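In my numbering, the protein residues as written are -12 to 125. The beta carbon of each residue, even a glycine, is placed where N, CA and C say it ideally should be. All figures in this text were calculated on a predicted structure; none of them were measured in a lab.
Okay, here's the thing in structure tokens:
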């Protein structure tokens, strides 16, 4: 909450880490497939353990959760999907601010993002650049 001004509080600084996590369900995978039209067999046919492979961009959407919390407007997003994520797994997204440049009306950020599964294994490496306006756009 702010003090009544439009100034954005708590813009993270260089080296700060922001995290978010999600346990991915079968319903998440099915809804994402319906919304995006991604109905290929990989996220729709269960494996021998009854799990679905989670769509990469569904996993990647954890970054947008952090961005939304910060009021961040992404300019670029680059993902490297290293390992599959399965339904029932909890994925943790760690967003590290690598650089922060202040301008008159905004902060420019460059961020490295790492996604880990339940075992701590890296499943996605990502990078994003973007901005946070100093005051809420109207």
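- Straight-line spacing of the CA atoms in residue 85 and residue 99 works out to 7 Å.
- The criterion of a C-beta distance shorter than 9 Å is not satisfied by residue 92 and residue 63.
- Beta-bridge partners assigned by DSSP to residue 9: 78.
- Excluding its 5 nearest sequence neighbours in each direction, residue 113 has C-beta neighbours in its own chain below 8 Å: 47, 50, 64, 65, 66, 67, 99, 100, 101, 102, listed in chain order.
- Burial state of residue 124 is exposed, judged by a 10 Å Cβ sphere holding fewer than 16 other Cβ atoms.
- DSSP places residue 95 inside the beta strand (DSSP E), whose first and last residues are 93 to 103.
- Bounds of the alpha helix (DSSP H) holding residue 51 are 49 to 57.
- Under the 10 Å beta carbon count, residue 22 is surrounded by fewer than 16 other beta carbons and is classified as exposed.
- Excluding five sequence positions before and after residue 115, the CB atoms of its chain that fall closer than 7 Å to its own CB belong to 50, 61, 63, 64, 98, 100, given in chain order.
- The Cβ neighbour count for residue 10, taken over all protein chains shown within 10 Å, is under 16; the residue is labelled exposed.
- Between residue -2 and residue 94, the C-beta spacing is below 9 Å.
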